[in-house]
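A.B. asks: Numbering (my numbering), first residue to last: 98 to 811.
Beta carbons: idealized from backbone N, C-alpha and C, even for Gly.
Since the model is a prediction, treat every value here as computed from it, not as a measurement.
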Ligand code: SF4
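#1: Please classify residue 617 as buried or exposed, where buried requires at least 16 neighbouring CB atoms within 10 angstroms.
#2: Express the C-alpha separation of residue 728 and residue 212 in angstroms, rounding to a whole number.
#3: Under 8 Å, do residue 401 and residue 313 count as touching if we go by C-beta distance?
#4: Let me check you understand the geometry: is the CB of residue 132 closer than 7 Å to at least one non-hydrogen atom of the ligand SF4?
#5: For residue 257, verify whether its CB is less than 7 Å away from any heavy atom of the ligand SF4.
#6: Any chance the CB of residue 271 is under 7 Å from a heavy atom of the ligand SF4?
#7: Looking at the C-beta of residue 201, does it have a partner C-beta in chain D at a distance below 8 Å?
#8: With DSSP collapsed to three states, give me the class of residue 116.
#9: Excluding the five sequence neighbours on either side, which residues of its own chain have a C-beta within less than 8 Å of the C-beta of residue 810, listed in chain order?
#10: Could you tell me the alpha carbon to alpha carbon distance between residue 701 and residue 760, rounded to whole angstroms?
#11: Do you know how far the Cα of residue 694 is from the Cα of residue 474?
#12: Enumerate in chain order the residues of its own chain whose CB-to-CB distance from residue 639 is below 8 Å, with the five nearest sequence positions on each side excluded.
#13: For residue 387 and residue 141, what's the separation of their Cα atoms in angstroms?
#14: Quick one: what's got a C-beta closer than 6 Å to residue 119's C-beta in the same chain, skipping five residues either side?
#15: Whole angstroms are fine: how far does the CA of residue 652 sit from the CA of residue 490?
#16: Might you give, ordered along the chain, the residues of its own chain that have their beta carbon closer than 6 Å to the beta carbon of residue 406, omitting 5 neighbours on each side?
#17: For the ligand SF4, which residues count as neighbours when the test is a C-beta closer than 5 Å to any heavy atom?
#18: First and last residue of the beta strand (DSSP E) that includes residue 548?
#19: Can you look up residue 168 in the DSSP assignment and give me helix, strand or coil?
#20: What first and last residue would you give for the alpha helix (DSSP H) that runs through residue 573?
#21: Mind reading off the beta-carbon distance from residue 533 to residue 554? Whole number of angstroms is fine, and I expect it under 8 Å.
#22: In chain order, what residues of the same chain have a beta carbon less than 8 Å from the beta carbon of residue 678, not counting five sequence neighbours either side?
#23: Please name the residue in 528, 229 and 593 whose C-alpha comes closest to that of residue 536.
#24: Mind the definition here: the region 277-295 touches the region 132-148 only if three or more C-beta pairs lie below 8 Å; say whether that holds.
#25: Can you tell which of 194, 98 and 131 has its C-alpha closest to the C-alpha of residue 116?
#26: In the DSSP assignment, find the unbroken beta strand (DSSP E) run with residue 259 in it and report its ends.
#27: Of the residues 511, 105, 111 and 661, which one's Cα is nearest the Cα of residue 204?
#28: Would you kindly report the start and end of the unbroken beta strand (DSSP E) that includes residue 755?
#29: Flag this pair as yes or no: are the beta carbons of residue 716 and residue 749 separated by less than 8 Å?
#30: Who pairs with residue 632 in a beta bridge, going by DSSP?
#31: Between residue 216 and residue 478, is the Cβ-Cβ spacing less than 8 Å?
#32: Considering only the beta carbon of each residue, do residue 521 and residue 161 sit closer than 8 Å?
#33: Kindly indicate the opening and closing residues of the alpha helix (DSSP H) around residue 406.
#34: Using a Cβ distance threshold of 8 Å, determine whether the region 378-394 contacts the region 324-334, with at least three qualifying pairs required.
#35: Closest by CA to residue 267, which one among 305, 236 and 235?
#36: Touching or not, the region 659-666 and the region 165-173, by the rule of three or more beta carbon pairs under 8 Å?
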């Protein structure tokens, strides 16, 4: 039997063809008839079978007891959680309970939809999500420039002629903040039609191998490259905003802001020769269909917000915004912006200890541990985590572990006992991907083509199994005061599929918007019939209509960015270290890994160990370190020991460690992951180093010391 669905493991949402016998998976292939992915998959898709069959996966709720984990019924779990939660909220207030939503939540429409009412019912301001260790700067820039944090410009990769990629490795990530299954094929097609690919990164990544040019850049200095590119364009009068000019404000302020950051200034900061910077700017401006795209390396650094602002500004002033081949705006079948601005949703409250501001209702994850540890009114005493492993994925993971141990109550919705959930009092395991239906609410909004696909349930969950949304719904119900019979019934009838049905009906392709399309408009029923998905066409210009700023203008230089830029331009310069043991740390990702997930599947983890420290051979010589030798990497917050991997692919003065590893704690029941434990980069990253503008964790460019590990020292 064949089943068709979209893979929900990463942003690429590839179509899958799954052969099965009604109870187990026989094979997983790319769905050649999927109009978007056209048969592309990566090795992770096949591992969906492993997750479904994983003997380490929890299938019923468990409670921690002095003797170990004890299986309990769902009713016992919900009752006992409620009994423990109620006095905490009563005595210490709503903010004493925190929530952390991990990255998988956005890959699961049921969990995404039902997390919101749960947080609302808790009424807490201590909400943390994986956004602030990832793409928050993109959303921050979109909110202030365009009026909504989800109005995100996406490279129109299939029609552009010139792409400048900064701090991104889409060949490993399969595209990120750019849903583009088969990214390598798309990049090769760009080059075959005479286009150019330039990559700027402190590491010669997998993507560098298919680029026309690769330039090393000093980690954390990208903001100066972007300022200089804009400077050259203004100085040489190459700016051509075209039709955007009519509805763009603050062009003059932008021009003034970049004055003085010449290519020579940028060369001193970035290490990229001024002549190359000048040429890059001129080629970009002359292309006619160019796009600049920056990802993790730019977002997760101290100037992440400024970088994402300047990328948008570069695309805008060259007219490469909202036009074919530039940065464009998808029109998904379910519009998550709801037509309402998010402009006021920033800084409405601040974290208790460090005073970092909320954005879109969440505080930076970097403050989570201190909010649990620091005594006093407002301390976090209880935590709910949903599909997250912040011990491995947020900075200073060891401190967070310590903090989790101080909680009065911790509840985790998760299928695994992992580095984070092992600290929980209760673990509530949901069904997995193949046992749930899915529609991608988020990543269709970041896609390089408009498509829609509904994934039905493949294997009906057995008795006593609950989906994430059912767990959240039950937790919410118990927090909510008695409602009227009508309200209770309404809530009871709410399911992700019913909400999706409504979203499609009211969406841009739905019958509601154009009754003339009564027989052809997009409905859930019609979507279900098209098992391979529906192609809704290439991206189309959407501005100024889609802008959600109060005056319907695109702000190319919002004051909040100008103020922060002023601070970094007038602040003290970078300290130059003469210590040959000091290096700038960057992360990295591998196509067979997905943050900290998918590490308990043998088919993905086998082979040469990937958790190594990449060191340039010239640096290794100075350090007297050989390939494979254990080295100690240390920072203010901790130290780890890993094998060195000597490679010219890493820039001198920089070292790289992948994230998501470190499956070494006691009480873990992840047999495969433990066998490939590695060490966590976040036992080194400092929670005190954040992007001051957005609050995003600044993992990239933190300074670490390297030396041969004690046993290996001569
Ligand atoms: S690229 Fe992403 S969506 Fe596609 S198969 Fe791999 S993990 Fe799944």
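C.D. replies: Reading off the structure:
#1: In the chain shown, counting from the first residue as 1, residue 617 sits at position 520. It is exposed - the Cβ of residue 617 has fewer than 16 other Cβ atoms within 10 Å.
#2: For the purposes of this step, residue 212 is identified with residue 115 of the chain shown, where counting begins at 1. For the purposes of this step, residue 728 is identified with residue 631 of the chain shown, where counting begins at 1. When rounded, the distance between both Cα atoms is 42 Å.
#3: Locating residue 401 in the chain shown gives position 304, counting from the first residue. Locating residue 313 in the chain shown gives position 216, counting from the first residue. At a Cβ-Cβ threshold of 8 Å, residue 401 and residue 313 do not count as neighbours.
#4: Position 35 of the chain shown, counting from 1, holds the residue named residue 132. No.
#5: What you label residue 257 is simply residue 160 of the chain shown in a count that begins at 1. Answer for residue 257: no, Cβ out of range of the ligand SF4.
#6: Taking the first residue of the chain shown as position 1, residue 271 is located at position 174. The answer is yes for residue 271.
#7: No chain D is part of this structure, which consists of one protein chain only.
#8: Locating residue 116 in the chain shown gives position 19, counting from the first residue. Residue state, collapsed to three classes: strand.
#9: As a position in the chain shown, residue 810 is number 713, starting the count at 1. Low per-residue confidence applies at residue 810: pLDDT is 48, beneath 50, and the placement is therefore not dependable, though the value from the model is reported in the following sentence. Taken in chain order, the residues that qualify are 804.
#10: Along the chain shown, one-based indexing puts residue 701 at 604. Along the chain shown, one-based indexing puts residue 760 at 663. Cα-Cα distance, rounded: 15 Å.
#11: Against the chain shown, residue 474 aligns to sequence position 377. Against the chain shown, residue 694 aligns to sequence position 597. When rounded, the distance between both Cα atoms is 35 Å.
#12: For the purposes of this step, residue 639 is identified with residue 542 of the chain shown, where counting begins at 1. Once the five neighbours on either side are set aside, the close Cβ partners of residue 639 are 419, 425, 426 and 428.
#13: By one-based count along the chain shown, residue 387 stands at place 290. By one-based count along the chain shown, residue 141 stands at place 44. So the two alpha carbons sit approximately 31 Å from each other.
#14: Reading the chain shown from its first residue, position 22 is the one you call residue 119. The answer is none, since no qualifying residue turns up.
#15: One-based indexing of the chain shown puts residue 490 at position 393. One-based indexing of the chain shown puts residue 652 at position 555. Distance between residue 490 and residue 652, taken at the CA atoms: about 33 Å.
#16: Along the chain shown, one-based indexing puts residue 406 at 309. Closer than 6 Å at Cβ, skipping near neighbours: 238 and 658.
#17: Result (chain order): 104, 106, 107, 109, 111, 138, 139, 141, 142 and 271.
#18: On the chain shown, residue 548 is found 451 positions in, with the first residue counted as 1. Here the beta strand (DSSP E) through residue 548 covers 546-549.
#19: As a working note, residue 168 is residue 71 in the chain shown. In the structure shown, residue 168 sits in a strand (DSSP, three-state: E or B).
#20: Locating residue 573 in the chain shown gives position 476, counting from the first residue. In the DSSP assignment, residue 573 falls within the alpha helix (DSSP H) that extends over 565-576.
#21: Taking the first residue of the chain shown as position 1, residue 533 is located at position 436. Taking the first residue of the chain shown as position 1, residue 554 is located at position 457. About 6 Å; that satisfies the 8 Å criterion.
#22: Position 581 of the chain shown holds residue 678. Same-chain partners within the cutoff: 720, 802, 803 and 804.
#23: Working through the chain shown from its first residue, we reach residue 536 at position 439. When each option's Cα is compared against that of residue 536, the closest is 593.
#24: Yes, they touch.
#25: Mapped onto the chain shown, residue 116 falls at position 19. Taking residue 116 as reference, the option from 194, 98 and 131 with the minimal CA-CA separation is 98.
#26: Position 162 of the chain shown, counting from 1, holds the residue named residue 259. First-last of the beta strand (DSSP E) with residue 259: 259-263.
#27: Residue 204 sits at position 107 when you count from the first residue of the chain shown. Closest by C-alpha distance to residue 204, out of 511, 105, 111 and 661, is 105.
#28: Residue numbering aside, residue 755 sits at position 658 when the chain shown is read from its first letter. Looking at the DSSP string, residue 755 is not in any beta strand (DSSP E), and its letter there is neither H nor E.
#29: In the chain shown, the residue the question calls residue 716 occupies position 619. In the chain shown, the residue the question calls residue 749 occupies position 652. Yes, they are a contact pair.
#30: If you number the chain shown from 1, residue 632 lands on position 535. Residue 632 is bridged to 548.
#31: Counting from 1 along the chain shown, the entry for residue 216 is found at position 119. Counting from 1 along the chain shown, the entry for residue 478 is found at position 381. Cβ atoms of residue 216 and residue 478: not closer than 8 Å.
#32: Within the chain shown, residue 521 is the residue found at index 424, counting from 1. Within the chain shown, residue 161 is the residue found at index 64, counting from 1. Contact: yes.
#33: For the purposes of this step, residue 406 is taken as residue 309 along the chain shown, with counting starting at 1. For residue 406, the enclosing alpha helix (DSSP H) stretches over residues 401-414.
#34: Contact check between the region 378-394 and the region 324-334: three or more CB pairs, one atom from each, fall below 8 Å, which counts as touching.
#35: Translated into positions along the chain shown, residue 267 becomes position 170. Among 305, 236 and 235, the Cα nearest to that of residue 267 belongs to 305.
#36: Fewer than three beta-carbon pairs drawn from the region 659-666 and the region 165-173 are found closer than 8 Å, and the two stretches are therefore not classed as touching.
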